[in-house]
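K.L.:
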Amino acid sequence: MGLFDKFKELSNKVLEVENNIYNEKRDYLEIYERNQELEKEIAERTAELHDANRRMLTLQHIWDMMNSSTPLENVLDAIVNSTQGELGYMHCVIIRKYTDEEGDYCRIIAQSKDNLIERLNNIIGSPSIQTRRLSYTENSIFSDTLKEKKIVQTQALDLSLKAVLPELSPETIAQILSDQPIKSVIAIPLMPREKEFGWFCVFSSREELAPAETDFLNLFAKQIEMAITIADLFQAVREEAVTDALTGLYNRRYFEESLNKEVARARRQGTPFSVIGIDLDFLKKINDTYGHSFGDIAIKTIADILKSNARSIDVPARIGGEEFDVLLPGISSEGAMIAAERIRKAIESREIDTIGHITGSLGVATFLEHTSNVEELLELTDQAMYTSKVYIKT
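Taken in order, the sequence shown gives residues 70 to 463; the numbers are from the working numbering.
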């Protein structure tokens, strides 16, 4: 082999080595770049898992609160504050929809603790946004959310504000929305047991919703609906425990508990209270003549009269059968006699289909005026009621 051939062979070997080195370098670069991408992806997934774990712990905390005796308002406060903290919202609020003789309206029942509401209240003045009767407006983000039964996001902050506070001037709305970072309002419908309740609203510094964010907001909305449902069930159980099934009045147990509390208050403050006893006349005759269903109607009629004549602090109760008592806190014997006469006339004036008019025998006794003993008070009430009944029969 000549010198030229050897040089050529050596050159080829050098070129082969250079190609191998280049290919290995390229492979290393690709591996390095892929590792960089993997490390970034792992860091992102780790952060997502960390956030998801934190949010699940938050949901678990809320779930534990719902399964305890924690009042509903405390659970809802925890939810709005947790949502604000976990997703970095500017403000979170739960608004409930109501209906009365004037129509549909809204009220805030829970809101996160931040400076946004304080700033708003300083601008709109008294009454504060928390205590105001808010309007319910058709063709707004709120009505749309309930109609479509899905999350609705809008960047029209002025229209959203105008929907609940139509009395605000354009200048006031412009002042409220100036120099603040909110870019959108997100309304999530709350429909526990498929009934319209209201909205879970968040105020975001972002213009668009991320898919994961939507899922999480839906999760929190379900927690709110579950909390409302549980609270309603607890309330129903409490009401069943203290109310009479036939009439809806308080039952004997609740009346006696209220009576003992009123005795303690009267002794402590030295103020009287009264008890009115009512007994439906001739219930046996009504049952024998028209049947027990009409006897129940007569009993419920007296219950309705007692409800319509009671103050919010009074305790009208069905003691048993055709017997009723009404506890009148802070009422002297003079006031109790006036109340008893009003009830008596209301009973006599009420006409029932098939039965006609019914009557009731009433008795009144007043604590600290007629006696300072609660057992004697009830005995005096029964005696007065019996005297009235004897008078009716004669």
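Ideal Cβ positions, reconstructed from N, Cα and C, are used throughout, including at glycine. As the structure is a prediction and not an experimental result, all values here were calculated from the model.
Have a look at the DSSP bridge pairing and note the partners of Leu397.
P.N.:
Leu397 is bridged to Ser343.
K.L.:
Provide the residue span of the beta strand (DSSP E) that contains Arg387, from first to last.
P.N.:
Note, Arg387: beta strand (DSSP E), Val384 to Gly389.
K.L.:
Based on the DSSP output, what are the partners of His426 in its beta bridges?
P.N.:
BP columns for His426 point to Glu420.
K.L.:
In three-state terms, what does DSSP make of Gly154?
P.N.:
In the structure shown, Gly154 sits in a helix (DSSP, three-state: H, G or I).
K.L.:
Rounded to whole angstroms, what is the Cα-Cα separation between Gly429 and Asp313?
P.N.:
The straight-line gap from Cα to Cα measures roughly 19 Å.
K.L.:
Excluding five sequence neighbours on each side, which residues of the same chain lie with their C-beta closer than 6 Å to the C-beta of Ile178?
P.N.:
Ile163 and Arg165, listed in sequence order.
K.L.:
Kindly confirm or deny that the segment 349-368 and the segment 440-449 touch, where touching means at least three C-beta pairs closer than 8 Å.
P.N.:
No: the two stretches stay apart, fewer than three of their Cβ pairs being nearer than 8 Å.
K.L.:
Residues bridged to Asp348 by DSSP?
P.N.:
In DSSP, Asp348 forms a bridge with Glu392 and Ser430.
K.L.:
Three-state secondary structure (DSSP) at Arg201?
P.N.:
Correct three-state label for Arg201: coil.
K.L.:
Can at least three beta-carbon pairs, one atom from the segment 301-317 and one from the segment 278-293, be found at a separation below 8 Å?
P.N.:
No: fewer than three Cβ pairs fall under 8 Å.
K.L.:
Quick one: residues in its chain with C-beta nearer than 8 Å to the C-beta of Cys270, no 5 flanking neighbours on either side, listed in chain order?
P.N.:
Cβ neighbours of Cys270 beyond the five flanking positions: Cys161, Val162, Ile163, Ile164, Val254, Ile255, Ala256 and Ile257.
K.L.:
Mind checking whether Leu302 and Ile427 have CB atoms under 9 Å apart?
P.N.:
Cβ atoms of Leu302 and Ile427: not closer than 9 Å.
K.L.:
Can you pull the DSSP bridge partners for Gly172?
P.N.:
DSSP output for Gly172 lists Asp169 as bridge partner(s).
K.L.:
Between Leu230 and the rest of its own chain, which residues show a CB-CB distance below 6 Å, the 5 nearest in sequence each way excluded?
P.N.:
So the list reads Ile242, once near-sequence residues are dropped.
K.L.:
How is Thr223 classed by DSSP in three states: helix, strand or coil?
P.N.:
Three-state DSSP puts Thr223 in a strand.
K.L.:
Once DSSP output is grouped into helix, strand and coil, what is the label at Pro280?
P.N.:
In this structure, Pro280 counts as helix in the three-state DSSP scheme.
K.L.:
Starting from Pro258, trace the beta strand (DSSP E) both ways and give me its first and last residue.
P.N.:
Looking at the DSSP string, the run of the beta strand (DSSP E) that includes Pro258 is Ser253 to Leu259.
K.L.:
So Val395 and Ala379 are in contact, right, with Cβ under 8 Å, and what is the actual spacing, rounded?
P.N.:
About 7 Å separates the two Cβ atoms, so the contact holds.
K.L.:
Is it the case that the Cβ atoms of Ile421 and Leu375 are separated by a distance below 9 Å?
P.N.:
No, Cβ-Cβ distance for Ile421 and Leu375 is not below 9 Å.
K.L.:
To which residues of the same chain is Ile210 closer than 6 Å at the C-beta, ignoring the five residues directly before and after it?
P.N.:
So the list reads Val221, Thr223, Ser229 and Ala256, once near-sequence residues are dropped.
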